[in-house]
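Numbering (our numbering), first residue to last: 9 to 311.
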Amino acid sequence: MPGASGLERLGEGSMSEANPSGPHQDDQPQRAGSPPTAEKSRRKFDFKRPWVILTASVLLAITCFYGLRYLVHSRTHESTDDAFIEADVVSLAPKVAGQVQAVHVTDNRFVRTGDLLLEIDPRDYQARVDERKAALQAAKTGVVSAESNLQQARSRVVSAEATLGQRQAEAQSVAATTTKAEADLRRNQELLQQKTISPQEFDTARANATNEEANLEAARNKVASAEADLAAARDQVTASESAISNAQAQVQQVEADLQAAQLNLSYTNIRSPGDGWVTRKAVEPGSYVQVGQNLMALVPTNL
């Protein structure tokens with residue numbers, strides 16, 4: 009039996025040598041089939057083929073395009089889950105009360121400096137401006153009238169001074185005549201005592217002296233009256249000068265009132281104080297707004 013066993017192994021060995029591919033014929037085709045599959049795969053992904061180059065170029069172009077956009081965006085924009093904007097928000101409120109006539113902006117609209125944002129009904133404020141203009145015209149007329157009165161008062165002063173001078177000259181003339189009449193009376197009285205003249209002549213001299221004294225008294229009264237007229241004329245000049253000062257002060261006051269009225273009228277047009285975006289708009293046409301009421305906000309460009 010051992011010999012038979014040895015023969016069997018020998019037989020198997022001989023058979024193996026005679027047919028080397030006998031036991032492995034099933035495996036050999038599989039290993040032999042692998043190289044054709046790899047070669048086919050290499051031919052499929054050959055980068056020298058035109059369609060592969062075209063596809064790679066398109067993919068590269070798309071990658072470069074979106075990569076460049078991302079690079080530019082990342083250099084100019086911040087991305088975070090905890091972000092906030094810091095800016096000087098300007099609240100816009102009216103300086104005058106009234107009914108809103110028109111609103112010319114909406115939320116998130118960009119406006120420039122001086123752009124009209126909102127209009128308040130201006131009729132009441134226009135009426136005040138017209139009233140102040142009329143008052144100013146009346147005040148200026150008062151100044152003209154006061155200046156005219158001053159000129160007249162000064163003319164009366166000149167006339168009164170001339171009249172006073174004339175009255176004083178007349179009084180001096182009458183005083184001289186009176187002095188002569190009194191001297192004649194004294195002389196006639198001596199002549200009467202010496203009986204050189206008649207009593208009738210003495211009576212005539214005495215009457216003449218009495219008349220001249222009366223004329224002197226009247227002349228003095230005229231001088232006093234002329235002095236009073238001159239003083240009154242000068243007082244009128246002072247009063248006219250004071251009236252001019254008051255009228256000019258009234259003009260200045262009315263001009264200030266007119267400027268205030270015109271300023272309030274201008275406040276009915278609310279304009280943008282700077283460049284920026286409108287936000288928090290809380291007003292519509294027809295609304296009645298009060299002084300200081302928040303109407304909207306302006307976010308400037310300096311974020």
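Just so it is clear, CB atoms sit at the ideal spot from N, CA and C, and this is done for glycine as well.
Tell me whether residue i is buried or exposed, calling it buried when 16 or more other Cβ atoms sit within 10 Å of its Cβ.
i	result
Arg140	buried
Thr114	exposed
Tyr296	exposed
Gly284	buried
Ile252	buried
Thr186	buried
Ala227	buried
Val182	buried
Counting only the same chain and skipping the five closest in sequence on each side, list residues whose C-beta sits under 7 Å from that of residue i.
i	result
Glu190	Ala217
Phe210	Asn196, Gln197 and Leu200
His32	Because the pLDDT at His32 is just 43, under 50, the model does not fix this residue reliably, and the value given afterwards should be weighed accordingly. Within the same chain, His32 has no close Cβ partners at all.
Ser248	Ala154, Asn157, Leu158 and Ala161
Arg242	Val165
Ile205	Asn196 and Leu199
Looking at the ligand GDP, does it come within less than 7 Å of residue i, judged from the CB to the closest heavy atom?
i	result
Ala191	Because no ligand of any kind appears in the structure shown, any question about the ligand GDP cannot be addressed here.
Could you pull the DSSP bridge partners for residue i from this structure?
i	result
Gln285	Before going further, note that residue 285 is Trp rather than Gln in the sequence given. Looking at the DSSP assignment, Trp285 forms a beta bridge with Phe118 and Val307.
Ser99	Ala305
Ala110	Glu127
Report all residues from its chain with a CB closer than 8 Å to the CB of residue i; omit the five preceding and five following residues, and keep chain order.
i	result
Ala101	Val299, Gly300, Gln301, Asn302 and Leu303
Ser167	Ala241
Please list, in chain order, all residues of the same chain as residue i whose beta carbon is under 6 Å from its beta carbon, the five residues on each side excluded.
i	result
Gly106	Ile128 and Asp129
Gly150	Ala255
Val231	Arg175, Gln176 and Ala179
Pro308	Asp96, Gly282 and Gly284
Quiz item: On the three-pair Cβ rule with 8 Å, is the region 253-268 touching the region 77-85?
Solution: no
Exercise. Run through the region 117-177 for me and flag every whole alpha helix (DSSP H) of 4 or more residues, listed as ranges in chain order.
Key: If one requires a minimum length of 4 residues, no alpha helix (DSSP H) run lies completely within the region 117-177.
Quiz item: Counting pairs of Cβ atoms below 8 Å between the region 166-178 and the region 266-281, do you hit three or more?
Solution: no
Practice problem: Scan the region 204-291 and note each continuous beta strand (DSSP E) run of 3 residues or more that stays entirely inside, going in chain order. | Solution: 277-279 and 284-287
Quiz item: Between the region 125-135 and the region 275-285, do three or more beta carbon pairs fall short of 8 Å?
Solution: yes
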